[in-house]
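Colleague: Mind looking over this structure? Questions follow.
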Amino acid sequence: GELNTYWLLPKDSTNPEEFNRQVKEHLTSLKAGTNGDVKQSDSKIPRHTEMSPKVHRLVDWNVDVLRKLLKQIVASRQTEAEAKKTKESPAVVYRAEKRILNREGMPLDEVTETLTLPKPDANEETAVNPNNVELPEEVSAQLREYVEALAVSYRDNPFHNFEHASHVTMSVSKLLSRIVAPDEDADENVASAITRDPLAQFAIVISALVHDADHVGVPNFLLIKENPKMASGYQNKSIAEQNSVDIAWETLMAPKFSALRETIYTNVYELHRFRQLVTNTVLATDIFDKELQALRKKRWEMVFSGEAKDSIQQEDIDRKTTIVIEHLIQASDVSHTMQHWSIYRKWNERFFF
4 GELNTYWLLP KDSTNPEEFN RQVKEHLTSL KAGTNGDVKQ SDSKIPRHTE
54 MSPKVHRLVD WNVDVLRKLL KQIVASRQTE AEAKKTKESP AVVYRAEKRI
104 LNREGMPLDE VTETLTLPKP DANEETAVNP NNVELPEEVS AQLREYVEAL
154 AVSYRDNPFH NFEHASHVTM SVSKLLSRIV APDEDADENV ASAITRDPLA
204 QFAIVISALV HDADHVGVPN FLLIKENPKM ASGYQNKSIA EQNSVDIAWE
254 TLMAPKFSAL RETIYTNVYE LHRFRQLVTN TVLATDIFDK ELQALRKKRW
304 EMVFSGEAKD SIQQEDIDRK TTIVIEHLIQ ASDVSHTMQH WSIYRKWNER
354 FFF
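Read in order, the letters of the sequence shown are residues 4 to 356 in this note's numbering.
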């Protein structure tokens with residue numbers, strides 16, 4: 004005979020998507036023989052998109068971009084100045100990772116008014132050529148698997164899908180290259196801050212790739228009505244963006260990505276910097292939150308009005324750099340509006356229709 008299994012959803016349930024997710028997790032745990040025990044680092048990782056040939060091509064391109072940036076991080080550590088810095092044991096970094104995972108509060112609580120990038124060292128020697136760096140095969144394999152995990156976390160929405168994330172990644176990479184190689188009229192202090200910080204460059208690009216992970220295709224004000232449980236967990240603020248940060252971060256914290264993490268950061272300071280950069284950058288894509296907008300406006304007025312406009316004080320340079328990073332991701336998120344007419348039409352039709 005034939006045996007069919009039915010899952011019944013109570014009529015008073017207000018969150019069918021959460022129910023479906025729990026069912027999928029339960030089935031997965033049964034297949035894996037875990038008796039329903041789901042690790043925290045795996046608890047929010049969704050799988051929505053199949054790895055079609057198109058998605059595979061996008062994954063290949065994103066991996067190539069991120070691999071080059073990882074090589075820059077590794078190359079920067081091979082200078083004598085960087086070698087003198089403290090490299091902490093994996094156990095110390097692991098405990099710091101666990102504290103972030105088990106923290107109270109939400110990503111929005113971590114957003115800071117000013118990102119602090121490392122100060123340039125006047126005696127720093129020329130960095131190793133990143134093209135001469137060879138990443139271990141294990142790291143390259145984990146990078147690919149992580150990008151694939153991000154790809155399938157995107158839903159099959161007309162607009163907020165993995166293709167859009169890849170488009171934003173491509174745009175922010177292009178804009179970032181204009182910052183890294185500035186024109187004569189560019190602010191050299193801001194450009195230098197980003198140029199000398201490969202970790203920041205990697206964080207900005209990875210933020211573009213993860214910024215809409217698990218996006219359901221509706222704005223936050225509708226999410227409050229359609230998924231009140233999820234919305235309340237983020238206090239009805241920047242819901243989609245905070246959810247994307249949590250999914251991307253918890254995915255990265257999986258044990259199978261340990262070698263990748265040890266390449267991105269080697270100590271607790273770098274871990275916290277990377278986390279701060281990703282959180283600030285992804286949350287910057289919420290352009291409708293009034294409090295975030297007020298924070299941005301205040302920061303802009305502080306550094307682009309009066310004497311602060313031409314200030315070379317480190318605090319003012321950091322604020323300008325923070326503004327540049329926010330504008331990079333925001334412009335990239337809607338970059339189709341500034342590109343060829345066919346691209347403009349393609350994405351606008353998907354967004355509005």
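C-beta atoms are modelled at their ideal positions from N, C-alpha and C, and glycine is treated no differently.
1. Is K312 helix, strand or coil when you go by DSSP?
2. Taking a contact to mean a Cβ-Cβ separation below 8 Å, would you say R50 touches S156 in this structure?
3. So, does the stretch 93-112 touch the stretch 268-284, judging by three or more C-beta pairs under 8 Å?
4. Are the Cβ atoms of S377 and A211 separated by less than 8 Å?
5. I need the DSSP call for E140, collapsed to helix, strand or coil.
6. Please list the terminal residues of the continuous alpha helix (DSSP H) segment that includes H275.
7. Tell whether a beta-carbon distance below 8 Å holds between G220 and N160.
8. Work out the CA separation of S241 and L263 for me, nearest whole Å.
9. Identify which residue in P258, A257, K232 has its Cα closest to the Cα of N246.
10. Given a threshold of 16 other Cβ atoms within 10 Å of its Cβ, counted over all protein chains shown, does L30 qualify as buried or as exposed?
11. Please report how far the alpha carbon of E329 lies from the alpha carbon of I346, in whole angstroms.
12. Are V208 and V68 touching if we call contact CB-CB under 8 Å?
13. Applying the criterion that 16 or more other CB atoms from any shown protein chain within 10 Å of the CB defines a buried residue, is K177 buried or exposed?
14. Hey, L274 and V96: beta-carbon distance below 8 Å or not?
15. Give me, in chain order, the residues of the same chain whose beta-carbon lies closer than 8 Å to that of Y149; leave out the 5 immediate sequence neighbours on both sides.
16. Starting from K228 and walking both ways along the alpha helix (DSSP H), at which residues does that stretch end?
17. Write down every uninterrupted run of the alpha helix (DSSP H) in the stretch 297-351 whose length is 4 residues or greater and which is fully enclosed by it, in chain order.
Modeller: Taking the coordinates as given:
1. Reading the sequence shown from its first residue, position 309 is the one you call residue 312. Helix, per DSSP.
2. Within the sequence shown, residue 50 is the residue found at index 47, counting from 1. Within the sequence shown, residue 156 is the residue found at index 153, counting from 1. Yes, Cβ-Cβ distance for R50 and S156 is below 8 Å.
3. yes
4. There is simply no residue 377 to check, as the chain begins at 4 and stops at 356 in what is shown.
5. Sequence index remark: in the sequence shown, residue 140 carries index 137 (1-based). Three-state result, E140: helix.
6. Taking the sequence shown and counting its residues from 1, the one referred to as residue 275 is at position 272. Here the alpha helix (DSSP H) through H275 covers 271-286.
7. Against the sequence shown, residue 220 aligns to sequence position 217. Against the sequence shown, residue 160 aligns to sequence position 157. Yes. Within cutoff.
8. For the purposes of this step, residue 263 is identified with residue 260 of the sequence shown, where counting begins at 1. For the purposes of this step, residue 241 is identified with residue 238 of the sequence shown, where counting begins at 1. Whole-angstrom Cα-Cα distance: 28 Å.
9. In the sequence shown, the residue the question calls residue 246 occupies position 243. The option with the nearest alpha carbon to N246 is K232.
10. Residue numbering aside, residue 30 sits at position 27 when the sequence shown is read from its first letter. Below a pLDDT of 50, predicted positions are generally treated as unreliable, and L30, at 45, falls in that range; the measurement from the model is reported next regardless. The residue in question, L30, is exposed, as its Cβ has fewer than 16 Cβ neighbours within 10 Å.
11. One-based indexing of the sequence shown puts residue 329 at position 326. One-based indexing of the sequence shown puts residue 346 at position 343. Their backbone Cα atoms lie some 23 Å apart in a straight line.
12. By 1-based counting over the sequence shown, the position of residue 208 is 205. By 1-based counting over the sequence shown, the position of residue 68 is 65. Yes, Cβ-Cβ distance for V208 and V68 is below 8 Å.
13. Start at 1 with the first residue of the sequence shown, and residue 177 comes out as number 174. Per the 10 Å Cβ criterion, exposed.
14. Residue mapping note: residue 274 aligns to position 271 of the sequence shown, counting from 1. Residue mapping note: residue 96 aligns to position 93 of the sequence shown, counting from 1. Yes, these two residues count as a Cβ contact at 8 Å.
15. The sequence position of residue 149 within the sequence shown is 146, counting from 1. These residues qualify, in order along the chain: T254, L255, F260, L263.
16. Numbered from its first residue, the sequence shown carries residue 228 at position 225. It spans 223-229 - the alpha helix (DSSP H) in which K228 sits, taken as one unbroken run.
17. 317-336
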